[in-house]
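Residue numbers for the sequence shown follow the working numbering, beginning at 9 and rising by one. Glycine residues also receive a C-beta, built at the ideal position from the N, C-alpha and C atoms.
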Amino acid sequence: MTMTYATQKLKEACEADINILNKLTEVKDRAPNYDTPGPRNLDQHAKHAHITNNTGIAWVYTNDGNDQHILALGRKSDGAGSGNSGYIWDKNGNP
């Protein structure tokens, strides 16, 4: 499975955090069956996973589920708008 990132800064943020790396490994190992939906505001087919109680990661499966494109990191927020799965998302890895 090939993993790509929306931005170079997002890739660097993901690679710098062991909790994010562990979650990405879990998602990759369960692909394409890890299917918690949302955030639709990033992509209609987006999926997301919780890293901690307050942070998450969003991605889409590409190439018929064989590859994964990381869209953004997110921070849980009551102020998140519709289609955000309850998160404020950032494509530069700074939720």
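Do you know whose CA, among the options, lies nearest residue i's CA?
{"i": "Ala14", "options": "Tyr95, Leu81, Asn30, Asn92", "result": "Leu81"}
{"i": "Ile26", "options": "Ser90, Ile59, Asn41, Ala66", "result": "Ile59"}
{"i": "Thr68", "options": "Asn61, Lys36, Glu23, Asn30", "result": "One detail in the question is off: residue 68 reads as Val in this sequence, not Thr. Comparing Cα positions, the closest option is Lys36."}
{"i": "Gln52", "options": "Thr70, Gly87, Thr12", "result": "Thr70"}
{"i": "Glu34", "options": "Glu23, Ala24, Ala57, Pro47", "result": "Ala57"}
{"i": "Gly46", "options": "Ser93, Lys99, Trp97", "result": "Ser93"}
{"i": "Leu50", "options": "Ile78, Asn41, Ala39", "result": "Ile78"}
{"i": "Arg48", "options": "Leu18, Lys31, Asp86, Ala66", "result": "Ala66"}
Which same chain residues, not among the five before or five after residue i, have their C-beta less than 8 angstroms away from its C-beta?
{"i": "Glu20", "result": "Gly101"}
{"i": "Cys22", "result": "Tyr13, Ile28, Leu29, Leu32, Ile65, Ile78, Leu81, Gly101"}
Within 10 Å of its beta-carbon, does residue i have 16 or more other beta-carbons around it, so buried, or fewer, so exposed?
{"i": "Ser90", "result": "exposed"}
{"i": "Leu29", "result": "exposed"}
{"i": "Gly64", "result": "buried"}
{"i": "Ala24", "result": "exposed"}
At what residues does the beta strand (DSSP E) containing residue i begin and finish?
{"i": "Asp98", "result": "95-98"}
{"i": "Gly64", "result": "63-70"}
Apart from the five residues just before and just after residue i, which ones in its own chain have a Cβ nearer than 7 angstroms to its Cβ?
{"i": "Asn74", "result": "Met9"}
{"i": "Arg83", "result": "Asn62, Thr63, Tyr95, Ile96, Pro103"}
{"i": "Ala39", "result": "Met9, Tyr69, Gly73, Gln76"}
Below 6 angstroms CB to CB, which residues in the same chain sit around residue i once its five sequence neighbours on both sides are set aside?
{"i": "Ala88", "result": "Gly94, Tyr95, Ile96"}
{"i": "Thr12", "result": "His77"}
Could you spell out where the alpha helix (DSSP H) holding residue i opens and where it closes?
{"i": "Gln16", "result": "16-23"}
{"i": "Ile28", "result": "26-38"}
Entirely enclosed beta strand (DSSP E) segments - the region 72-96, minimum 3 residues: 75-84
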